[in-house]
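In this text, residue positions in the sequence shown follow my numbering: the first is 52, and each later residue adds one.
Down below is the structure, laid out as structure tokens.
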Amino acid sequence: MPTRDEYCPLTRSLDLFGDRWGLLVVRELLRGVRRFNELERSLPGISRSTLAQRLRHLEREAIVERCVVHDRPGTEYQLTDAGRDLVGVLDAVGAWGVRWLVPHKRPSEIDPDGLMQWIRRHVVLGELPTRRTVIRFELLGRPRRYYWLILRTGEVSLCPEHPGFEEDLFVEAHPVDLYRLVVGQHSLAEAMEEGTVRVDGPPPLVRSLPRWFLLRASGAASVAGSSRG
């Protein structure tokens with residue numbers, strides 16, 4: 052008698068990933084992280100040996116492939132067609148987690164520094180503009196906290212002090228409301244209509260926020276129309 056369900060696609064798929072790191076590596080590649088050191092920095096808690104093992108395994112399974120970029124030294128990783136097709140799987144798992152695992156946080160449970168670091172690590176690098184864009188975040192509370200995200204294609208920096216560049220967008224919210232927005236409990240349009248999040252800036256940049264931060268994009272046109280700038 053067989054000892055495992057070898058004909059089940061779900062069983063075979065779970066065998067392929069083995070543990071959470073496999074899918075998290077795919078998630079990072081989907082958002083535009085390409086190099087080994089960048090992957091390590093974007094996956095808190097993973098060791099270099101574990102990351103190397105997962106990348107080799109995903110290569111063997113034709114989910115990931117290595118490539119040489121002629122104008123940059125070293126090797127980069129990218130997803131194959133099979134790897135890119137996992138975006139729907141990750142979206143479904145994420146939506147399930149938001150519904151059943153993300154609690155309604157109390158304001159005192161959200162650490163502004165930790166929240167902004169988490170937001171920085173989840174920016175979709177491949178969607179960022181080539182022109183430098185600076186977003187000022189004002190997190191309400193006592194005391195108010197200010198942060199600046201500096202975005203450019205493939206790069207994102209978080210500054211706790213004014214970086215000296217002109218500001219392009221302004222986001223104001225209590226930390227708990229910003230958290231609920233970024234995990235997908237509300238769309239940007241819904242949050243702005245309810246008054247829990249305020250965004251000021253040129254409409255084209257406001258419309259880009261859902262792409263940059265994987266916010267639910269429903270109502271993007273109404274978001275642009277309700278912004279000032």
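Every residue, glycine too, gets a C-beta built ideally from N, C-alpha and C.
Predicted model, so just to flag it, every value in this text is computed and none were measured.
- The C-beta distance from residue 134 to residue 227 rounds to 34 Å, too long to fall under 8 Å, and the pair is not in contact.
- For the pair of segments examined, the region 199-209 was found not to touch the region 138-151: the number of CB pairs separated by less than 8 Å stays below three.
- A residue is called buried once 16 or more other Cβ atoms fall within 10 Å of its Cβ, and residue 79 is buried on that count.
- Closest in C-alpha terms to residue 97, from the list 82, 214, 71, comes 71.
- Secondary structure of residue 114 (DSSP, three-state): coil.
- For residue 68, the secondary structure class from DSSP, reduced to helix, strand or coil, is helix.
- In this structure, the CA atom of residue 89 is about 19 Å from the CA atom of residue 165.
- By the CB criterion at 7 Å, residue 239 and residue 202 fall outside the cutoff.
- Under DSSP, residue 199 forms a beta bridge with 187, 210.
- Per the coordinates, the alpha-carbon of residue 218 lies some 16 Å from the alpha-carbon of residue 181.
- Judged by DSSP in its simplified three-state form, residue 104 adopts helix.
- Inside the region 115-145, DSSP marks whole alpha helix (DSSP H) runs of 4 or more residues at positions 132-135, from first to last along the chain.
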